[in-house]
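Sequential numbering of the sequence shown, starting at 36, is according to the working numbering.
Here the structure comes first, spelled out in structure tokens, and everything after it is commentary.
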Amino acid sequence: MEAVFQQALAHHQAGRLDEAEPLYRQAAAWKPEWALGNLGVLLRTTGRLAEAEGVLREALRAAPDNAPVRHSLGMTLLQLGQYSEGWRFYEARHELNPMANPPPLPRWQGEPLAGKRILVVAEQGLGDQIMLSRFIAPLAERAAEVVFAAPQALMSLFAALPARMVHPKAWDQVPADFWTPLGSVPRWLEAGPADAPVQHLSSLVRANRPIGTGLMLEGAPTNANNAYRLPAPPVARAIRGLTDFVDLRPEATRAQDFAGTAAIISGLARVVTVDTAVAHLAGAMGKPCWILMPRPAIDWYANWHDDRTPWHPSARLLRQRSPGDWAGLITDLAEVVAQPVVQPGDWSEL
Numbered sequence: 036m037e038a039v040f041q042q043a044l045a046h047h048q049a050g051r052l053d054e055a056e057p058l059y060r061q062a063a064a065w066k067p068e069w070a071l072g073n074l075g076v077l078l079r080t081t082g083r084l085a086e087a088e089g090v091l092r093e094a095l096r097a098a099p100d101n102a103p104v105r106h107s108l109g110m111t112l113l114q115l116g117q118y119s120e121g122w123r124f125y126e127a128r129h130e131l132n133p134m135a136n137p138p139p140l141p142r143w144q145g146e147p148l149a150g151k152r153i154l155v156v157a158e159q160g161l162g163d164q165i166m167l168s169r170f171i172a173p174l175a176e177r178a179a180e181v182v183f184a185a186p187q188a189l190m191s192l193f194a195a196l197p198a199r200m201v202h203p204k205a206w207d208q209v210p211a212d213f214w215t216p217l218g219s220v221p222r223w224l225e226a227g228p229a230d231a232p233v234q235h236l237s238s239l240v241r242a243n244r245p246i247g248t249g250l251m252l253e254g255a256p257t258n259a260n261n262a263y264r265l266p267a268p269p270v271a272r273a274i275r276g277l278t279d280f281v282d283l284r285p286e287a288t289r290a291q292d293f294a295g296t297a298a299i300i301s302g303l304a305r306v307v308t309v310d311t312a313v314a315h316l317a318g319a320m321g322k323p324c325w326i327l328m329p330r331p332a333i334d335w336y337a338n339w340h341d342d343r344t345p346w347h348p349s350a351r352l353l354r355q356r357s358p359g360d361w362a363g364l365i366t367d368l369a370e371v372v373a374q375p376v377v378q379p380g381d382w383s384e385l
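Here it is as structure tokens:
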């Protein structure tokens, strides 16, 4: 059975999901935490969320301490909108990628914060940080002060949040009563996307009439999912040929950080982007945004039952029709960019 599992794994890693799935099922009784754990990932990223939940729970019963399975179950539950339990299992990410140098402070676990100062430490990708930074506002309502340690690229952008921004060289420079990773804040607030300001960076949008469509087709080169989410150069050229886009790459705009990119987006009518940090930036600003989504889709913030996401109401998801089908996606995108810009409150007109 180990050979069957290894064959399934090889198919999975090569993107041959239809071949991997029956082999994982065949190997399920051999090592459930491996075979069912991987099957659960496959099911989640292809949109079969309810089945993924059941499979991952079965894998977890076989190995309750398995961190990858708990992490996958957490993302599945978050995608299903089951936030309370989802955030709890999502904590397994720290077992998979432990923080190298955590602050030497008590870690916040929901204790009252009246009169207390709490240090929030940014984590994960820049897009995750932008999306999850909406929970700074409700946290600030509970604490005497929120101190937010973030990457340099986000410092100016996050100046709009109700927190004191820091980028310390050492934690002893940041006195506080508690600390927490950013992604753990909604767990202890018992919150989902509807419980925090959704367009929490909307103040960055200028009041004058916006024009033009921004385009971002690149992402962090270290992202393990680039083979799925980013178009190859010929595909990117075909997309750029659809209309006169405004190139949002920093090398094109000369933006020094995300605040600079936000300033450019504020003057645009809409944004077209792959699933990268610019998608979360446009969503946090309330800017109409079309996100080009691959199949399989790795990130958990996107729905599968429609083209919407509760995390960014101004965004719409434009999915590949089948795995790797950029041609079909380009056809669908051509129809979108040929239409007049529709503001977020008028999505029902589409």
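Glycine included, each C-beta is placed from N, C-alpha and C at the ideal position.
None of the values given here were measured: they were computed from a predicted structure.
- A residue is called buried once 16 or more other Cβ atoms fall within 10 Å of its Cβ, and glycine 116, having fewer, is exposed.
- Annotation: alanine 337 to alanine 211 spans about 35 Å, alpha carbon to alpha carbon.
- In the structure shown, aspartate 100 adopts coil according to DSSP, grouped into three states.
- Rounded to the nearest angstrom, the gap between the Cα atoms of glutamine 291 and alanine 317 is 17 Å.
- Uninterrupted beta strand (DSSP E) stretches at least 3 residues long and entirely within the stretch 166-227 occur at 180-184, 199-201, 213-216, given in chain order.
- Of the other Cβ atoms in all chains shown, 16 or more fall within 10 Å of the Cβ of methionine 251; this residue is therefore buried.
- Between valine 220 and leucine 154, the C-beta spacing is not below 9 Å.
- Per DSSP, the beta-bridge partners of methionine 251 are Thr308.
- Looking at the DSSP output, aspartate 282 sits in a beta bridge with Leu250.
- Following the DSSP letters along the chain, one finds alanine 262 inside the alpha helix (DSSP H) bounded by residues 261-264.
- Within the DSSP bridge table, the entry for valine 155 names Phe183, Thr215 as partners.
- Counted as a single uninterrupted DSSP element, the stretch harbouring arginine 289 is not any beta strand (DSSP E), since DSSP gives it neither H nor E.
- The beta carbon of proline 67 is closer than 6 Å to those of Ala94, Ala97 in its chain, skipping five residues each way along the sequence.
- Taking C-alpha positions only, serine 168 is separated from leucine 217 by approximately 7 Å.
- A direct Cα-Cα distance of roughly 11 Å separates tryptophan 361 from leucine 353.
- Tryptophan 325: member of the beta strand (DSSP E) spanning 324-328, first to last residue.
- Around the beta carbon of isoleucine 246, fewer than 16 other beta carbons lie within 10 angstroms, which makes this residue exposed.
- Taking each of Pro99, Phe213, Leu91 in turn and checking the Cα distance to proline 141, the smallest one comes out for Phe213.
- Tryptophan 65 counts as exposed, since fewer than 16 other C-beta atoms from the protein chains shown sit within 10 angstroms of its C-beta.
- The beta carbon of glycine 227 sits closer than 6 Å to the beta carbons of Tyr118 from its chain, once the five residues preceding and following it are set aside; these are given in chain order.
- Judged by DSSP in its simplified three-state form, leucine 91 adopts helix.
- Within the DSSP secondary-structure output, arginine 351 pairs in a beta bridge with Trp325.
- In the three-state DSSP reduction, arginine 244 falls in the coil class, being neither helix nor strand.
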